[in-house]
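Q:
Protein chains in written order, with our numbering: chain A, 94 to 220; chain B, 1231 to 1527.
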């Protein structure tokens, strides 16, 4: 089963995102900041990461830069998911190795579309 | 709404826009035309029917027809028809038109512009190969309201996140407050025009590639057949027609056939089967001598 790590300091966002990913047949893990996310990735590298920007301890941007340097860290598709919506932030995120970018607020259609963008299709699309 | 009023509205919409509503679609009329009644200070659907029957109020007629159209669309909708454009249709059309260096593309149900702009982005990506070419990208829709939005090229946070890769967002759009505006160079590539597909469209000329997606589904079979036959007449002999995933030509016209390799792609039927369609071509506007050359007439 494909796996996804949801990294966000908001428990509400993690819950909403988890539901969406589970209906798309992902096995979902959660982390509340970049440091915990990095530890989770060291244990098992997920196929996809939904990544918040502003978090305590280690933010999403620093996490992504660290992730892309560790062995196997180039593999996960990383989708930033943040309220940082200006072009400069998007460009920085892409430069740091993000595969896609979701501007909050998001809904199921956006997540589904963005996952398809990076190669994860829903069951309906798979056929 | 009484049965008589419902029947009147069904037949009214059928005549004006081709919309074929089955008996169980009462709710759609009620939910879409309720706001129109309020806008025009009409007490309800009964009063609306009386007003439509009573006098010709063009603004009201247009509002009724436009309120019943479905304008859902997004950038690169269904993806495959656009991959096909980039990888197959555009290179093949360029090879066939290498002498004329002219391509004509038509989005026949352009809605709020996402489809023509998706094609425009791909054309811009191919700009180096298209240097010295003249490319017409015509986009039409029944609804002038959606065309205004398309021309403005201004999209919400949600609209730019469905189907559009983020790289394309930062390459082709600029942020204006909460919204995103598509670049002026892309806006200039698209020629938007109001058009009701029930009316003649041969004056638009002949096209190499036509996208007519997710509009025929709202028509009944005779209307589908009629529109498809006229699309065939507007399509170059070696042209390509793209329909929506739930649409087909089968059983509706003899003039077009599905392409065996690509789902959703239709081409002109072999000459023997479509003799009557060829006769339509001399009907091209007299000014379109360039087009006659393009289609080899």
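Don't be surprised by glycine CBs; every beta carbon is placed ideally from N, CA and C.
Name the two residues that bound the continuous alpha helix (DSSP H) containing residue 127 of chain A.
A: The residue labelled residue 127 of chain A in the question sits at position 34 within the first chain. Start and end: 127 to 136.
Q: Quick one: which residues of the segment 1362 to 1395 of chain B get their C-beta closer than 9 Å to a C-beta of chain A? List them in chain order.
A: Listed by position along the chain: 1387, 1388, 1390, 1391, 1392, 1393, 1394 and 1395.
Q: Which residue wins for smallest C-alpha separation from residue 1464 of chain B, given the options B:1241, B:1293 and B:1431?
A: Residue 1464 of chain B sits at position 234 when you count from the first residue of the second chain. Per the Cα distances, B:1431.
Q: Just to confirm the assignment: which complete beta strand (DSSP E) runs, minimum length 3, are found wholly within the segment 1419 to 1454 of chain B?
A: Whole beta strand (DSSP E) segments, 3+ residues: 1420 to 1424 and 1437 to 1442.
Q: How is residue 152 of chain A classed by DSSP in three states: helix, strand or coil?
A: For this step, residue 152 of chain A is matched to residue 59 along the first chain. Coil.
Q: Looking at C-alpha atoms only, which residue of B:1442, B:1423, B:1386 and B:1439 is the closest neighbour of residue 1433 of chain B?
A: Here the question's residue 1433 of chain B lines up with position 203 in the second chain. Measuring from the Cα of residue 1433 of chain B, the nearest candidate turns out to be B:1423.
Q: According to DSSP, what are the bridge partners of residue 1583 of chain B?
A: Outside the modelled stretch of chain B, which goes from 1231 to 1527, sits residue 1583 of chain B, for which no answer is possible.
Q: Please state if the CB of residue 1298 of chain B and the CB of residue 1367 of chain B are separated by a distance shorter than 7 Å.
A: On the second chain, residue 1367 of chain B is found 137 positions in, with the first residue counted as 1. On the second chain, residue 1298 of chain B is found 68 positions in, with the first residue counted as 1. No, these two residues do not count as a Cβ contact at 7 Å.
Q: Please compile the residues from chain B whose C-beta is within a distance smaller than 8 Å of the C-beta of residue 110 of chain A.
A: The residue you call residue 110 of chain A lines up with position 17 of the first chain. Simply none; closest approach about 15 Å.
Q: Using the Cβ count rule (16 or more neighbours within 10 Å means buried), how would you classify residue 100 of chain A?
A: Position 7 of the first chain, counted from the start, is the residue given in the question as residue 100 of chain A. Result: buried.
Q: If you check the beta carbons only, do residue 174 of chain A and residue 142 of chain A fall under 7 Å apart?
A: Residue mapping note: residue 174 of chain A aligns to position 81 of the first chain, counting from 1. Residue mapping note: residue 142 of chain A aligns to position 49 of the first chain, counting from 1. It is not a contact, given that the beta carbons lie outside the stated cut-off.
Q: Apart from the five residues on each side of it in sequence, which residues of its chain come closer than 6 Å, Cβ to Cβ, to residue 1259 of chain B?
A: The sequence position of residue 1259 of chain B within the second chain is 29, counting from 1. Closer than 6 Å at Cβ, skipping near neighbours: 1239.
Q: For residue 117 of chain A and chain B, any beta-carbon pair shorter than 7 Å?
A: Your numbering for residue 117 of chain A matches position 24 in the first chain. No, its Cβ sits nowhere closer than 7 Å to a Cβ of chain B.
Q: Report the residue ranges of all beta strand (DSSP E) runs contained in full by the segment 1268 to 1343 of chain B; include only those spanning at least 3 residues, in chain order.
A: Runs found: 1332 to 1337.
Q: Answer yes if the segment 1304 to 1312 of chain B comes into contact with the segment 1368 to 1384 of chain B, meaning at least three C-beta pairs across the two stretches below 8 Å, and no otherwise.
A: Short answer: they don't touch.
Q: How is residue 1480 of chain B classed by DSSP in three states: helix, strand or coil?
A: Sequence index remark: in the second chain, residue 1480 of chain B carries index 250 (1-based). Looking at residue 1480 of chain B - three-state DSSP - the assignment turns out to be coil, as it is neither helix nor strand.
Q: Measure from the C-beta of residue 101 of chain A to each C-beta in chain B and report whether the shortest distance is under 7 Å.
A: Residue mapping note: residue 101 of chain A aligns to position 8 of the first chain, counting from 1. By this cut-off, residue 101 of chain A is not an interface position.
Q: Using only the alpha-carbon positions, how far apart do residue 208 of chain A and residue 1396 of chain B sit?
A: Mapped onto the first chain, residue 208 of chain A falls at position 115. Mapped onto the second chain, residue 1396 of chain B falls at position 166. Straight-line Cα distance between these residues: approximately 12 Å.
Q: Would DSSP call residue 175 of chain A helix, strand or coil?
A: Taking the first residue of the first chain as position 1, residue 175 of chain A is located at position 82. If DSSP states are grouped into helix, strand and coil, residue 175 of chain A belongs with the strands.
Q: Count the other CB atoms, across all protein chains shown, that sit within 10 Å of the CB of residue 163 of chain A; report buried if there are 16 or more and exposed otherwise.
A: As a working mapping, residue 163 of chain A is identified with position 70 in the first chain. Looking at its Cβ environment, which holds fewer than 16 other Cβ atoms inside 10 Å, residue 163 of chain A is exposed.
Q: Using CA atoms only, rank isn't needed, just tell me which of B:1345, B:1427 and B:1378 is closest to residue 1535 of chain B.
A: There is no way to answer for residue 1535 of chain B, as the model of chain B reaches only from 1231 to 1527.
Q: Applying the criterion that 16 or more other CB atoms from any shown protein chain within 10 Å of the CB defines a buried residue, is residue 147 of chain A buried or exposed?
A: In the first chain, the residue the question calls residue 147 of chain A occupies position 54. The residue in question, residue 147 of chain A, is exposed, as its Cβ has fewer than 16 Cβ neighbours within 10 Å.
Q: Quick one, are the C-beta atoms of residue 1231 of chain B and residue 1275 of chain B less than 7 Å apart?
A: Counting from 1 along the second chain, the entry for residue 1231 of chain B is found at position 1. Counting from 1 along the second chain, the entry for residue 1275 of chain B is found at position 45. Yes, the Cβ-Cβ distance between residue 1231 of chain B and residue 1275 of chain B is below 7 Å.
Q: For residue 159 of chain A and residue 1314 of chain B, I'd like the C-alpha separation in whole angstroms.
A: In the first chain, residue 159 of chain A corresponds to position 66, counting from 1. In the second chain, residue 1314 of chain B corresponds to position 84, counting from 1. Those two C-alpha atoms are separated by around 38 Å.
Q: Mind listing the chain B neighbours of residue 179 of chain A? Cutoff is C-beta to C-beta under 9 Å, in chain order.
A: Taking the first residue of the first chain as position 1, residue 179 of chain A is located at position 86. Under the 9 Å cutoff, chain B gives 1405.
Q: Using C-beta distances below 8 Å, list every residue in its chain close to residue 111 of chain A, excluding the 5 sequence neighbours before and after it, in chain order.
A: Sequence index remark: in the first chain, residue 111 of chain A carries index 18 (1-based). Excluding sequence neighbours, residue 111 of chain A sits near 99, 121 and 123.
Q: Suppose the cutoff is 8 Å on Cβ atoms and the five residues either side in sequence are ignored; what does the same chain contact list for residue 154 of chain A look like?
A: Counted from its first residue, the first chain places residue 154 of chain A at position 61. So the qualifying residues of the chain are 146, 185, 186 and 189.
Q: Compare the C-alpha of residue 182 of chain A against each of B:1348, B:1412 and B:1399 and name the closest.
A: For the purposes of this step, residue 182 of chain A is taken as the residue at position 89 of the first chain. Checked all of B:1348, B:1412 and B:1399; the closest Cα to residue 182 of chain A is B:1399.
Q: Spell out a yes or no on whether the segment 1439 to 1457 of chain B and the segment 1355 to 1362 of chain B are touching, meaning 3 or more CB-CB pairs, one atom from each, closer than 8 Å.
A: Flag = no, the segment 1439 to 1457 of chain B and the segment 1355 to 1362 of chain B do not touch.
Q: Between which two residues does the beta strand (DSSP E) containing residue 1581 of chain B stretch?
A: Past the boundaries of the shown model lies residue 1581 of chain B; chain B is included only from 1231 to 1527, so the question cannot be answered.
Q: Skipping 5 residues on each side, what residues in its chain have a beta carbon closer than 8 Å to that of residue 1256 of chain B?
A: Numbered from its first residue, the second chain carries residue 1256 of chain B at position 26. Only 1231 and 1236 meet the Cβ criterion.
Q: Give every residue of the same chain whose Cβ lies closer than 6 Å to the Cβ of residue 193 of chain A, excluding the five residues on either side of it in the sequence, and list them in chain order.
A: Within the first chain, residue 193 of chain A is the residue found at index 100, counting from 1. Once the five neighbours on either side are set aside, the close Cβ partners of residue 193 of chain A are 172, 207, 210 and 211.
Q: Three or more beta-carbon pairs under 8 Å between the segment 1408 to 1423 of chain B and the segment 1441 to 1448 of chain B, yes or no?
A: The segment 1408 to 1423 of chain B is not in contact with the segment 1441 to 1448 of chain B.
Q: Looking at chain A, is there any beta carbon in it that lies within less than 7 Å of the beta carbon of residue 1527 of chain B?
A: One-based indexing of the second chain puts residue 1527 of chain B at position 297. Since pLDDT at residue 1527 of chain B reaches only 34, below the 50 mark, its modelled position is unreliable, and no value is offered.
Q: So, does the CB of residue 194 of chain A fall closer than 7 Å to a CB anywhere in chain B?
A: What you label residue 194 of chain A is simply residue 101 of the first chain in a count that begins at 1. Cβ-Cβ to chain B under 7 Å: yes for residue 194 of chain A.
Q: What do you reckon, are the CB atoms on residue 1340 of chain B and residue 1369 of chain B nearer than 7 Å?
A: For the purposes of this step, residue 1340 of chain B is identified with residue 110 of the second chain, where counting begins at 1. For the purposes of this step, residue 1369 of chain B is identified with residue 139 of the second chain, where counting begins at 1. Yes, they are a contact pair.
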